[in-house]
Amino acid sequence: MYFKQGSPLFLLLLIFAISGPSMADHSWGKYKWKPSSIPFDLILGDNVNSDWDGYLVGVSTQWSVSSVLDTTVNPGSTDPMSCNPESGNVQVCNAAYGNTGWLGLAQIYGRGTSITAGIAKVNDTYFNTAYYNTLAWRGMVMCQEIAHTFGLDHQDETFDNVNLGTCMDYTDDPDGSIDDELSNVYPNQHDYDQLVSIYADSKGGKGGKDDGGCNPKSPKCNPASAPGNSAHGHAQWGRLVSGHGGVETYEKDLGNGVKLITHVIWTLEHANNHY
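Our numbering puts the first residue of the sequence shown at 2, with every later residue one more than the last.
Below you can see the structure in the form of structure tokens.
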């Protein structure tokens, strides 16, 4: 896919890539943390190995450019294979989760629209293969899954159209090298603007009981401890509420008004088989 510089179509695509996303909204429903002040600090628990440490630190730095959010990488608190949540932060994990079909997933816990804990996982079963074991694929998926735990959704979910230049754009060409396009490895300005839109009017709050929060270590909030759940598959996620094979969102009612929301990014092989 190549368009000559200066051509009307090239200019149209360039204008869209620069200014088009700013007209869109890509918050994940109304899900958000309830911070006591802005900017707020969010801990990313490091449960990843040395192959992923640099990506996690890089993603934390990139998202901390936001005027409303600062992230800090601290030692994690969970076994990467189980990747259990901890109240008040995001636990980030990598492991060979098997031939599940997904590259990465993000999960948020809470009651109503209040996020009280988050999880981001990347699946080494695929990232250890030649196709996905690249700087661009690793960077994009890590960037995107962590961003979902802030309350951000995708800017675009069609994998074979023009890149928008953000990790929140699902693509089959994350570094843009195949079709001479923008790289989709990092956040772009609209991602930062969207975070401001989500959090700038936050009045603060202590979280927990008053705003409908939930301790995810309790069996009522933690699917890993709920009976009948598999470790890494659809049974854990509940019902499909949106998506089309490439990216999908699931919702599970954990009782007492508490829900688990799961956002999944599938491999291209899975996407091609389900479109």
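Glycine residues also receive a C-beta, built at the ideal position from the N, C-alpha and C atoms.
- Threonine 101 and asparagine 124 do touch by the CB rule: their CB atoms are close to 6 Å apart, below 8 Å.
- Remark: three or more beta-carbon pairs, one from each stretch, lie closer than 8 Å, so the segment 189-200 and the segment 62-75 are flagged as touching.
- Counting only residues of its own chain and dropping the five nearest sequence neighbours on each side, glutamate 252 has a CB closer than 7 Å to the CB of Gly239, Arg240, Val242, Lys260 and Ile262.
- Restricting attention to beta strand (DSSP E) runs no shorter than 3 residues, the segment 49-90 encloses them at 70-76, ordered along the chain.
- As computed with DSSP, serine 243 is found in a beta bridge with Thr250.
- A distance below 6 Å between beta-carbons, with the five flanking residues on each side excluded, links tryptophan 138 to the following residues of its chain, in chain order: Pro175.
- Of the residues assessed, threonine 62 falls on the exposed side of the cut-off, its CB having fewer than 16 other CB atoms within 10 angstroms.
- Excluding residues up to 5 positions away in sequence, Cys84, Pro86, Gln92 and Gln108 lie with their Cβ nearer than 6 Å to the Cβ of isoleucine 120 in the same chain.
- In this structure, the CA atom of aspartate 42 is about 35 Å from the CA atom of asparagine 162.
- Rounded to the nearest angstrom, the gap between the Cα atoms of histidine 271 and glycine 247 is 7 Å.
- Pairing asparagine 185 with aspartate 47, the inter-Cα distance amounts to about 23 Å.
- Considering only Asn164, Thr126, Phe151 and Gly256, the residue with the shortest C-alpha distance to threonine 268 is Thr126.
- DSSP places aspartate 154 in the coil class of the three-state scheme, outside both helix and strand.
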